[in-house]
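Residue numbers (my numbering), protein chains in the order written: chain A, 1 to 678; chain B, 1001 to 1678.
Think of the CB as a built atom: it goes at the ideal place given N, C-alpha and C, for glycine as much as any other residue.
Since the structure is predicted, the reported quantities are computational estimates derived from the model, not experimental observations.
Working notes, beginning with the structure itself.
Protein chains: 2
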Amino acid sequence: MFWVYAAIVVSVASFLLAGYLYYWVKRQPGGNKEAEEIAQLIRRGANAFLRREYKILAVFASVVAFLILLFLPHPIWKSNFWTNFRMALTFLFGASLSATAGKIGMDIATIANLKSAVASKKGIAPAFEVAFKGGAVMGMAVVGCSLFGAAILYLLTKDPNTVLSFSFGASTLALFAKAGGGIYTKTADVSADLVGKVELGIPEDDPRNPAVIADNVGDNVGDVAGMGADLFDSNIASIAAAMVIGLSLGQQHMVFCYATLGLLASILGVLFIGMGKHKDPGKALNTGTYITTVLFAVLTLVVSLAFKYDLRIWGATMVGLIVAVIIGITSDYFTGDGKKPVEKVAKASSIGPAFTILSGFSYGLLSCFPALLGIGFSALVAYKLCEPLGASYAMFGISMAAIGMLSIVGMIISNDAFGPIVDNARGLVEMAKMGDDALVISDELDAAGNTAKAITKGFAIGAAGLTVIALLGAYRETVMNVTGSDISFNIMNPLVFFGIMVGLAVPAVFAAMLMLGVDRNAERMVAEIHRQFETIPGLKEGKEGVRPEYEKCIDIATIGAIKELIPAGLMAIVVTLVVGFIGGIHAIGGFLTGNIVSGLFLALLMANSGGLWDNSKKYIETGVHGGKGSDAHKAAVIGDTVGDPFKDTAGPSLNTQVTVVSLISSLAANLFIAFSLF
Amino acid sequence: MFWVYAAIVVSVASFLLAGYLYYWVKRQPGGNKEAEEIAQLIRRGANAFLRREYKILAVFASVVAFLILLFLPHPIWKSNFWTNFRMALTFLFGASLSATAGKIGMDIATIANLKSAVASKKGIAPAFEVAFKGGAVMGMAVVGCSLFGAAILYLLTKDPNTVLSFSFGASTLALFAKAGGGIYTKTADVSADLVGKVELGIPEDDPRNPAVIADNVGDNVGDVAGMGADLFDSNIASIAAAMVIGLSLGQQHMVFCYATLGLLASILGVLFIGMGKHKDPGKALNTGTYITTVLFAVLTLVVSLAFKYDLRIWGATMVGLIVAVIIGITSDYFTGDGKKPVEKVAKASSIGPAFTILSGFSYGLLSCFPALLGIGFSALVAYKLCEPLGASYAMFGISMAAIGMLSIVGMIISNDAFGPIVDNARGLVEMAKMGDDALVISDELDAAGNTAKAITKGFAIGAAGLTVIALLGAYRETVMNVTGSDISFNIMNPLVFFGIMVGLAVPAVFAAMLMLGVDRNAERMVAEIHRQFETIPGLKEGKEGVRPEYEKCIDIATIGAIKELIPAGLMAIVVTLVVGFIGGIHAIGGFLTGNIVSGLFLALLMANSGGLWDNSKKYIETGVHGGKGSDAHKAAVIGDTVGDPFKDTAGPSLNTQVTVVSLISSLAANLFIAFSLF
C-alpha cells in the first residue's frame, strides 16, 4: 500500500502547488479599464457557456448514473444494491472531478490572459512566466485530481470495476466537454475569420468584429477546458486499464508507483521552468518537457532497482516515452515550418484552393503511416518484452507503456494551456491597444503556444492510442473474469469481422456529426455578423464609441454548441450497446478494434492536415508566393478554414470517443454475456 | 466438368456477341471532316498512352514473372521447375488478357464516341443505341475473357494456385492501369477546368482550350481501360477465391455454374436493352440491369433445384445481390440530385468554399456507415446461412456472395463504358459544332452516363469488398493447406494487431501518392496551358484557324502518368512482403484485415464525397444560389476539383490495391511460413 499513500501525498503536493500558483497569478497587476472590461467579457462568456454546458451534462450524467444503478455490473434484481450504488456513485465522482478540473483551468486561464497581456508591456520573460504559471495550475489540478481519485477509490474499494466506472464518468464528461467546446470554438473562429479576414480584410482580433469576443471565449472553453478534460480522461483510463490487468497479477502497486513518480517529475519540471537566459519561449517550454521526461526515466529506474521491480516492465514503460517522441517528430515534420509539406502546400496554393486542399489532405494521409507504425510496433515491443514474465504480463507491458507515455502529462497540460492563455493575451493587447512593443512580444508567445499545441495534440493522440489498446486488454481480462475461460477474437469469426466493420465506421460518423454541427452553427453566426455590419451605423468604419453586439455572437455559439454536443456522443454510446446486444462479446472485441484503429487514423489525419494548412497559411504570410492578400494567401486561408474543425473540433474529440466506447464495453461485458442475440 | 465446358461455350458466345456489336458500331456512318479529325486526335492520343503504358508494364510484368519463377509457390531450388514455370506463365496470361480486354474496350470506345455523336443528329434513340452497343463490346469482352481464362486454366491444371496466379497477373496489370489512367484523366480534367472554366470562363470542351483533347483522351484511358481492368480483376479474383475454398469441399462446379449463368444473364440483358418507348436513357440502362439481375436469380434458382445444389448456398449468393442494392441506394442518396446532401452542400457553398469542402467531406464520412454495415452484415448472414453445412462451407458462402454480386458484372461494365463514350460524344458535338439539337441530346446522354458511373462505382467497391473478404478466407485456406493445422488470427496477438495497424495505413499512403501525382502533373499542365494562351496569338479570342498545341498537353499527361504510376503500386506490394517476412502469417492476417477495412472505407469516402461535390456543382448550375458564375458556383467548382481525383483517381484504384495485396499474401504464404522473422 506504500505507493497508494505516496500517490495521495504527491497529489496533495500538486494541489498545494496549483493553489500557490493560482494566487501568485491573481496577485499580478491588472490592466487599464478597457482591457479589464474586455477580459471581463471573455470571462463572463466562458463562464456562461460552462454553466449551461454543465447544467445539461448534469442531467445527462444523472440519467446515466441511474442506468448504471439499474444495470451495472449486473441488473439490480440479480445483484447487490450497494454494489450497483457504488458503481453509480463512482461514475458521478469521476464526472464531477473532470468538470471541476475543467472549471479550475478555465478560471485561471481567464485571469492569466489579462495578467500576461499586462506583463507583456514589461518584457517577454514576465509575460511568459505569468502565462506558463497559469497553465501549470491546470496541469497540476488535472493530474492531481486523477491520481488522487484513483488512489482514494482503490483504498476504499479495492475493486477495479469502480476505477473503471470512475474513469467512465470522467470520459463521458470529457466526451461532451470536448465536443461542445470544440464546436463552440470553431464556430466562432471560422465565422470571425470568414467575415473579418476574408470578406472585409480587417486584422485578427479587431474589436469591430462582432465575433471577436466569442472567438476568445472559444479558446478557453475548447482548448483549456476541453483539452484538460481529454487528458484527464486519458490519464485515468490508462491507470484504470493498468489496474484491471495488474490486479490479476498482483502488480497494482507498480501502477501507482509509476504514476506517482510521473506526477512528481511534472511538479519538479514546473518548478524548474523559466525563460532563464533563453530568448526563445518555445525552447523554454521544450526544456521543461525534456527535464520532466529525463527525471521520470531516472526516478523510475532508481525506484525499480531499489524495490526490485522487474526491469522488463520498466523497459515497456520507456517504450511509451519513445512512441511519444516518434509521434512528436512526425507531427513536427508534417506540420512544421521549413519542412517540405508546408512548402509544397504553400506552392500548391498558388495554383488554386483545390490544390491547397488536395495536397494538404494527401500529406495528412501520409502522416498517419509513421505514427500508426510507431504505435503498432511499440505495442508489439512492449508485449514481447514482458512476455517472458508470463502471458498476462505481456498485456500488462502494453498498459505500462501507456502509463509511461502519460507520465509527463502534468507538464504536457501545462504547455497546452499556455497556448490559449497567450492567444487570449494577444487578443487583449490588440483590442485594448496596449502598444506595438507589447503586440510583438505577445505575437511571439502566441507562435510558441501554437507550436506547443501541435505537439501536445500529437501526444494526446498517441497517449490515447496506447491507452485504448490497454483498454482492449482490460476488456478481455474482464470477459475472462466473468466467463472463467480464455477468449480470443479471431478475425475469421464473422461476428468479430462484423464488429470491426461497424467499429470502423463510428469515428467517421462521429467526426462528421461534429463538423456538420460547426457548419450549421457557423452559418447562423456568419448571418448575424453580416446583420451587425449592415445595421449598426459606423461599425464597419470603426467610429469612436461604436461597439458591436458581442453577446449575440456568444449566444449563438453557446446555444449551437449545446444543441450539437449531445447527439454525436450519444450515437457512439448507443451503437456500442446495440452491437454488444446483437453480436455479443466477440462482436464487441472486433468493434473495439475497428473503433480504435479508425479513431486513431482519423484523429492523426485531421490533426496533422489541419496543422499543416494552418502553418502553410502562416508561411505564405511571411511573404512567399505573393504574401498576404495574394491569390495564394486566399487559397491558404480556405485551407486553414477547412483545417480548423479538423484539428480543433473533430480530431481531438476522437480520442475521447474511442476511450468512452472502450470503457463502456468493459463495464457492460456482463450484460453482453448474459443478454446478447448471437 | 459439365459447368467448366458450359463456361467455355458461354464465353465464346460472349466473344461472338462482342465481335458482332463491334462491327455493327464500326459500320455506322461517320462525321464531317472536322469531327473525324478531332476523333482521330483522341484515338491517337489514347493509343499513344496505352502503348507507352503497356511497354512499361510489360517490363514490370516480366520482372515479376521472373521473380515468381524463382520463388513461387516455393523457391525454385526446393521446388519443381515446371511448377514454378507454370505459375509464372499463368501470371503473364492473366496480365495479357487484362491488357487485351482494356485495349479492345478502348478501341471500340474511341470509335463509338464519334458514331454516337453523329447519330445524335438523328435523335436520342439512335445515339443511345450506338453508345450502349459500344459499351457492351467492352462488357462482353471483359467478362468473357475472365471466365474463359479461369475455365481453361482449371481444365488444364486443376490447380487453384494457378488460378490465383492468373488472378494476380490480372490484378497487377489492373492496379497500374487504373493508377496510370486515373492520374492521366484527372490531370487533364482538372487542368482544363481550372484554366478554362475558372480563370477564363470558357465552356467545357471549348476547342480553344489546349487541354481539351487530353481531357477526352483521359476519359478513355481512365474510365474505359481502367475501370474495365478493375472489374476484370474483381471478377477473376472472386472466382479464384471461391475456387480455392470450393475445391477443398469439392464444390468448384458450383462456382463455374453460377459464374456461367451470370454471364448468360448479362448476354441476354444486353440483347434486350434499348430505349424502346422510354424517353429516358437512365431508365433504359437501369431496366437492363434489373432484367439481368432477375434473370440471374431465376436461372440460378432453377438450376440449383434441377441439380440439387443446396439452397443455402443459393441464398448466400442472393445476399451478394442485396449488398449491391444497399450500396447502390446509399450512393444514390449521398450523391443524387434532389436529395438532402446535395442541397446542403450547395447551400454551404453560398457561404464559402471551405464550407463546400467541410460539408461534402462530412457527408462522405457519413456515407461509409450504411455501406460498411451492409458489407459486414451480409458477410455475417452469408456465413451463418451456410454454417449448418459445415465449418468450411461458411466461408464458401461468403465467397459465393461475392460471385453473386459480380454475376451481373457484364451488364455493369456495359453501363459503365457507356459513360465515357457519351462524354466524348458530347465533346465532339461541341468541338465540331454539330448543332444545338445534337448538343441537347448528347447532354442528356452525358447526364445519364454520369449517374450510371456513380452507381457502378459503388458497385465496384462493394464487389471488391466481398471479394477481398473471400480472399482473406482463401488466404487462411492456403495457410492451413501448407501447415496442415487450423489457424486463427486473434486480435490480442500483438503480431496480428501490428499487422492491422500497418495494413490500415497502406491504402491511405497509396491514395495520397496518387493524388500528389495528380497535383504535380496538373501543376505542369496548367503552366503549359497558360504558356499557350499567352504566346499563341489569337487563341484566347478564338480567331478562325488558330489551334492550340493539343499534343503538348497530351504529352505532359502521358509522361506524368507513366512516371507516377509505378511507385504507389510498388509501395503496396513491397510493404506486404516486408510485413510478411517480419511478422509472418499472423501479421499478414491482421495486415489483410486492416488493409481491407481501411481500403473500403477510403474508397467509399472518396467516391461518395467526390460524386456529391460534382452533383452539387451541377445543382447550382440549374440556377439555385445564384446559378452559374455566382460565388456559390465558384465555391462548388473548387469542391468539384477536389472531388475529381478523389472519385476518379484514388478512390477506384483502392479496390485494386486491396485485391493485389490479398492475392500476393495467398501466393507468398509458403514463403512467409518458411522465412519470417517472428
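A straight line joining the alpha-carbon of A:P75 with that of A:G315 spans about 41 Å. The DSSP-derived three-state label of A:N235 is helix. Per DSSP, reduced to three states, the secondary structure at B:N1493 is coil, with no helix or strand assignment.
Residue environment for A:W3: buried (at least 16 other C-beta atoms within 10 angstroms of its C-beta). The continuous alpha helix (DSSP H) containing B:I1441 extends over residues D1436 to T1483.
Uninterrupted alpha helix (DSSP H) stretches at least 4 residues long and entirely within the stretch 11-75 of chain A occur at 33-71, given in chain order.
Per DSSP, reduced to three states, the secondary structure at B:A1432 is coil, with no helix or strand assignment.
Looking at the backbone, the Cα of A:A452 and that of A:I329 are separated by about 13 Å.
The beta carbon of B:G1419 is closer than 7 Å to those of D1223, G1449, N1450, A1452 and K1453 in its chain, skipping five residues each way along the sequence.
Boundaries of the alpha helix (DSSP H) harbouring B:W1613: Y1550 to E1621, taken from the DSSP string. Taking 4 residues as the minimum length, the alpha helix (DSSP H) runs contained wholly in the stretch 183-238 of chain A are 212-218, in order along the chain.
As the crow flies, the alpha-carbon of B:V1381 is around 14 Å from that of B:A1391. Close to B:D1519, with beta-carbon spacing below 9 Å, are these residues of chain A in chain order: K344, A348, I351, F355, L358, S359 and S362. Of the candidates B:I1183, B:G1594 and B:L1249, the residue whose Cα lies closest to the Cα of B:P1507 is B:G1594. By the neighbour-count criterion, in which a residue is buried when 16 or more other Cβ atoms sit within 10 angstroms of its Cβ, A:L372 is buried. A buried status is given to B:E1053, since no fewer than 16 other beta-carbon atoms sit within 10 Å of its beta-carbon.
The residues V221, G222, A225 and G226, in chain order, have a CB closer than 6 Å to that of A:G181 in the same chain once the five nearest residues on each side in sequence are set aside. Contacts with chain B at 8 Å (Cβ-Cβ) include A:G589. Under the 8 Å criterion on CB atoms, A:M501 is classed as interfacial with respect to chain B. Interface flag for B:N1481 against chain A is unset, since no Cβ pair is found closer than 8 Å.
Proximity of A:G376 to chain B, defined by a Cβ-Cβ separation below 8 Å, is satisfied. Proximity of the stretch 1472-1483 of chain B to the stretch 1546-1560 of chain B falls short of the contact definition, fewer than three beta-carbon pairs being nearer than 8 Å.
Boundaries of the alpha helix (DSSP H) around B:W1082: F1081 to A1119. Closest in C-alpha terms to A:V163, from the list A:I236, A:Y383 and A:L654, comes A:I236. Cβ-Cβ separation between B:L1261 and B:V1319: approximately 17 Å, too far for a contact (criterion under 8 Å). Under the Cβ distance rule, A:C553 does not count among the residues neighbouring chain B, no pair being separated by less than 8 Å. Going by DSSP, A:V298 is part of the alpha helix (DSSP H) stretching over P281 to A306. Residue contact check for A:N490 against chain B: a CB pair falls below 8 Å. Nearest C-alpha to A:L264 among A:M140, A:L358, A:R531 and A:A324: A:M140.
In this structure, DSSP gives A:K384 a helical state, which the three-state scheme calls helix. DSSP places A:S676 in the coil class of the three-state scheme, outside both helix and strand. For the stretch 278-290 of chain A, the beta-carbon criterion of a distance under 7 Å to any beta-carbon of chain B is satisfied by none of its residues. The Cβ atoms of B:A1039 and B:N1161 do not sit closer than 8 Å to each other. B:D1437 is positioned such that its CB atom lies no closer than 8 Å to that of B:N1615. Of the candidates B:I1068, B:I1566, B:A1527 and B:S1598, B:I1566 places its Cα closest to the Cα of B:A1179. One alpha carbon belongs to B:A1354, the other to A:I357, and they sit about 9 Å apart.
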